[in-house]
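Data block below; observations after.
Protein chains: 2
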Amino acid sequence: MPALPDSVKSLAESYRNRRVMITGGMGFIGSNLAHLLVSCGAEILVVDALLPNYGGNPANLVGTEGRLAISQADQRDRAAIDELVRGQEVIFNLAGSVSHLDSMKDPVTDLEVNSLAQVILLEAARAHAPDATIVFASTRQIYGRPDYLPVDELHPIRPVDVNGVNKMSGEAFHTLYHQVYGQKTVSLRLTNTYGPRMRIKDARQTFLGIWLRRALENGPIEVWGGEQRRDLLYVEDAAEAFLLAGSVPGLIGGVYNIGGGPSITLDALAERVIAAAGSGRAEHHVFPPERKRIDIGDYFADDRKFRTASGWSPRVDLDAGLARSVAYYRERMSDYI
Amino acid sequence: MPALPDSVKSLAESYRNRRVMITGGMGFIGSNLAHLLVSCGAEILVVDALLPNYGGNPANLVGTEGRLAISQADQRDRAAIDELVRGQEVIFNLAGSVSHLDSMKDPVTDLEVNSLAQVILLEAARAHAPDATIVFASTRQIYGRPDYLPVDELHPIRPVDVNGVNKMSGEAFHTLYHQVYGQKTVSLRLTNTYGPRMRIKDARQTFLGIWLRRALENGPIEVWGGEQRRDLLYVEDAAEAFLLAGSVPGLIGGVYNIGGGPSITLDALAERVIAAAGSGRAEHHVFPPERKRIDIGDYFADDRKFRTASGWSPRVDLDAGLARSVAYYRERMSDYI
Chain A
3 MPALPDSVKS LAESYRNRRV MITGGMGFIG SNLAHLLVSC GAEILVVDAL LPNYGGNPAN
63 LVGTEGRLAI SQADQRDRAA IDELVRGQEV IFNLAGSVSH LDSMKDPVTD LEVNSLAQVI
123 LLEAARAHAP DATIVFASTR QIYGRPDYLP VDELHPIRPV DVNGVNKMSG EAFHTLYHQV
183 YGQKTVSLRL TNTYGPRMRI KDARQTFLGI WLRRALENGP IEVWGGEQRR DLLYVEDAAE
243 AFLLAGSVPG LIGGVYNIGG GPSITLDALA ERVIAAAGSG RAEHHVFPPE RKRIDIGDYF
303 ADDRKFRTAS GWSPRVDLDA GLARSVAYYR ERMSDYI
Chain B
3 MPALPDSVKS LAESYRNRRV MITGGMGFIG SNLAHLLVSC GAEILVVDAL LPNYGGNPAN
63 LVGTEGRLAI SQADQRDRAA IDELVRGQEV IFNLAGSVSH LDSMKDPVTD LEVNSLAQVI
123 LLEAARAHAP DATIVFASTR QIYGRPDYLP VDELHPIRPV DVNGVNKMSG EAFHTLYHQV
183 YGQKTVSLRL TNTYGPRMRI KDARQTFLGI WLRRALENGP IEVWGGEQRR DLLYVEDAAE
243 AFLLAGSVPG LIGGVYNIGG GPSITLDALA ERVIAAAGSG RAEHHVFPPE RKRIDIGDYF
303 ADDRKFRTAS GWSPRVDLDA GLARSVAYYR ERMSDYI
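Chains as they are written, first to last, in this note's numbering: chain A, 3 to 339; chain B, 3 to 339.
Written out as structure tokens, the structure is:
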């Protein structure tokens, strides 16, 4: 169990004995949130379909045994979700996929998991938990190639892959159900997030996962392009943003960027990963035309709207976050590969 | 068979003997397009699932017998669509629903018909008709309540109902498949369209349908609000915009507003409908709170982007369009109620 950060202690009070549900709760961010909520003393239900090739991994919940309930339900299953949402006070809605390649190969499944499943959750909550606060994990990917930097929430939405279209639509349903039915929804458009419990088998969830694994195995990190800038968010900071989104009434109905630390080029990031691991090497590649077409160039977030409204700011800087990630995977590599 | 308008005669040449498919081809706009394409001498395949309560009506194709092929396939059926798209040169993709109420009552079906079905069509075309031009019927409804008037294509997309979210997503797939795979897609965001072959049983397709029916039956036209302004597009003008979109190479990959004549308040429009019918009366209603919440106020389009690129402009003014509609339904009311 991680020690509860000081600034979260005040948050903890608001979750003590509250009934919270986490969809995708065995996934990367969902499981980190589950660990934090255990520390808060919440009454937790983790829902995760454990679909193959997604982020769900039972190993992510090691250490929470006996302190939360788990249901392996699929969010596309309306009857199951109807039962599970009953009585929930806060629903952290993180189930879904963020894989570019999978969404292009199987757009129908991507649509079901990222768009249809959100309608089903919202309808179930409308019927059986109309007062629940619902926090949706959206993504910076829906902006596509930025017109300007940093990107704020007024930037046009212009997804560059099937996953982006379906995430856009999943988020739009949350906003709509607030406007039409008064459900208490909040959407967080996360930037690239990394840290313990991310998928490191491949690049399906985040390129940083496979980078870290390669570095730890003293292998090559593939850097495509390299000059693109990104802001990186440590997962505990992301989880804290979710806790705030689920408890600060003034945030309800809104859509917020969640950024990270100062932006950094991918080339520089690769060096920092290699330094943290003490092994690995960077291997530079030029984008082939079919990848260039969907490359979005630089992205970093203007997240002042959320910072101002919630008091949140990221606390774990890149080197500290990478060091913690390296320590985590050194100890538990076999659970993740 | 309607006489081919002069300005369409030059278009006719480009469709002679071309293989075209119309999804939703027994629906309101799709069937008008089918009639025009018959005049052009195209080789036409109409695909329509004839779902109950949608716009599909076999009576819409009276007069085209023996001059087009018909398949009652459902666009959600990938295997069927795979077969049907083979060899098509232009696909007019109009299948879908535009009912606000149905989408709120059954959001899952709305998602399947308006979002999933578009992915299936695009995937089928990618595999079996990669060079086909695909013209998608999008809608002004995805803009939601306008920030400014007239509304151009740069206006934020902010749907106010489930149908709007799914139409937004259906359109986004068309744009995406052009960007990623080079498919020749064009999307037309239609304003309120009216005319012969529209659904007049109820307000599912357009409020003007039920208004016209009530006027013809010398009954009350329900006007909610009344001060809201709209631009109205006569269906033959809409169909001509589709023909251009399917044949002018410079339009490919774009998204275009299609507006109508000068904007008019609903109050004034009701009077024009009553005058055209020579019967009926307006009944004024104040919006109840739940409808007020989703009312979008005024809408009229800035469609200069399409006019400039295609040379199109609407040719049938409101009084002429209403007169033709009245004449059509007077003669064939029994096919539509």
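Built from N, CA and C at the ideal position, the CB exists for glycine as well.
Considering just the uninterrupted stretch of the beta strand (DSSP E) at residue i, what are its terminal residues?
{"i": "B/K186", "result": "K186 to L192"}
{"i": "A/T135", "result": "T135 to T141"}
{"i": "A/N259", "result": "V257 to I260"}
{"i": "B/H286", "result": "R283 to H287"}
{"i": "A/P222", "result": "P222 to W226"}
{"i": "A/I212", "result": "Premise fails: A/I212 lies in the alpha helix (DSSP H), F209 to L218, not in any beta strand (DSSP E)."}
Using only the alpha-carbon positions, how far apart do residue i and residue j sit?
{"i": "A/V348", "j": "B/S312", "result": "This structure cannot settle anything about residue 348 of chain A, because the visible part of chain A is limited to 3 through 339."}
{"i": "B/A81", "j": "B/I46", "result": "20 Å"}
{"i": "B/D337", "j": "B/T310", "result": "39 Å"}
{"i": "B/K307", "j": "B/K169", "result": "21 Å"}
{"i": "A/L113", "j": "B/V64", "result": "38 Å"}
{"i": "B/I144", "j": "A/T187", "result": "20 Å"}
{"i": "B/G248", "j": "B/R69", "result": "20 Å"}
{"i": "A/R201", "j": "A/V237", "result": "12 Å"}
{"i": "A/F302", "j": "B/V182", "result": "23 Å"}
{"i": "B/E155", "j": "B/R142", "result": "10 Å"}
{"i": "A/G57", "j": "A/L123", "result": "19 Å"}
{"i": "B/T177", "j": "A/G299", "result": "19 Å"}
{"i": "B/A36", "j": "B/Q120", "result": "20 Å"}
{"i": "A/E2", "j": "B/R88", "result": "This structure gives no information on residue 2 of chain A, because the portion of chain A shown stretches from 3 to 339."}
{"i": "B/N95", "j": "B/Q74", "result": "15 Å"}
{"i": "A/S191", "j": "A/T66", "result": "Note on residue identity: the sequence assigns Arg, not Ser, to residue 191 of chain A. Their backbone Cα atoms lie some 27 Å apart in a straight line."}
{"i": "A/I159", "j": "A/L246", "result": "25 Å"}
{"i": "A/D50", "j": "A/H287", "result": "36 Å"}
{"i": "B/Y196", "j": "B/D239", "result": "10 Å"}
{"i": "A/K203", "j": "A/D79", "result": "28 Å"}
{"i": "B/N220", "j": "B/D233", "result": "25 Å"}
Would you say residue i faces chain A, with C-beta separation under 9 Å as the test?
{"i": "B/I254", "result": "no"}
{"i": "B/R80", "result": "yes"}
{"i": "B/A174", "result": "yes"}
{"i": "B/G323", "result": "no"}
{"i": "B/N95", "result": "no"}
{"i": "B/E125", "result": "yes"}
{"i": "B/Q77", "result": "no"}
{"i": "B/M335", "result": "no"}
{"i": "B/V167", "result": "yes"}
{"i": "B/Q185", "result": "no"}
{"i": "B/S171", "result": "yes"}
{"i": "B/L35", "result": "no"}
{"i": "B/Q181", "result": "yes"}
{"i": "B/S117", "result": "yes"}
{"i": "B/S327", "result": "no"}
{"i": "B/I298", "result": "no"}
{"i": "B/P158", "result": "yes"}
Whole-angstrom Cβ separation of residue i and residue j, contact assumed at under 8 Å?
{"i": "B/Q230", "j": "B/T193", "result": "That pair is no contact at about 13 Å."}
{"i": "B/A134", "j": "B/A126", "result": "That belief does not hold up - the Cβ atoms of B/A134 and B/A126 are roughly 10 Å apart, past 8 Å."}
{"i": "A/V48", "j": "A/I72", "result": "5 Å"}
{"i": "B/G262", "j": "B/P316", "result": "6 Å"}
Locate the alpha helix (DSSP H) running through residue i, then write down its first and last residues.
{"i": "B/N168", "result": "V164 to Y183"}
{"i": "A/E238", "result": "V237 to A247"}
{"i": "B/Y330", "result": "L320 to R334"}
{"i": "A/S105", "result": "H102 to K107"}
{"i": "B/R80", "result": "R80 to V87"}
{"i": "B/T310", "result": "R306 to S312"}
{"i": "B/I144", "result": "Looking at the DSSP string, B/I144 is not in any alpha helix (DSSP H), and its letter there is neither H nor E."}
{"i": "B/S41", "result": "F30 to C42"}
{"i": "A/I122", "result": "A119 to H130"}
Does any residue of chain B bring its CB to less than 9 Å from the CB of residue i?
{"i": "A/S249", "result": "no"}
{"i": "A/D163", "result": "yes"}
{"i": "A/S12", "result": "no"}
{"i": "A/P290", "result": "no"}
Please go through the same chain and pick out, in chain order, the residues whose beta-carbon is closer than 7 Å to the beta-carbon of residue i, but skip the five residues on each side of it.
{"i": "A/H102", "result": "D163 and N165"}
{"i": "B/R293", "result": "W226"}
{"i": "B/L356", "result": "Residue 356 of chain B is absent from the structure shown; chain B starts at 3 and stops at 339."}
Under 8 Å Cβ to Cβ from residue i, same chain only, skipping five residues before and after it: list those, please.
{"i": "B/R274", "result": "I266, L320, D321 and L324"}
Give every residue of the same chain whose Cβ lies closer than 6 Å to the Cβ of residue i, excluding the five residues on either side of it in the sequence, and list them in chain order.
{"i": "A/A131", "result": "V87 and Q90"}
{"i": "B/N62", "result": "M28, S33 and R199"}
{"i": "A/S189", "result": "F138, S140, E173, H176 and V257"}
For a test of your reading of the model: does the CB of residue i fall under 8 Å from any non-hydrogen atom of the ligand COA? Yes or no.
{"i": "A/D319", "result": "Ligands are entirely absent from the displayed structure, and the ligand COA is therefore not among its contents."}
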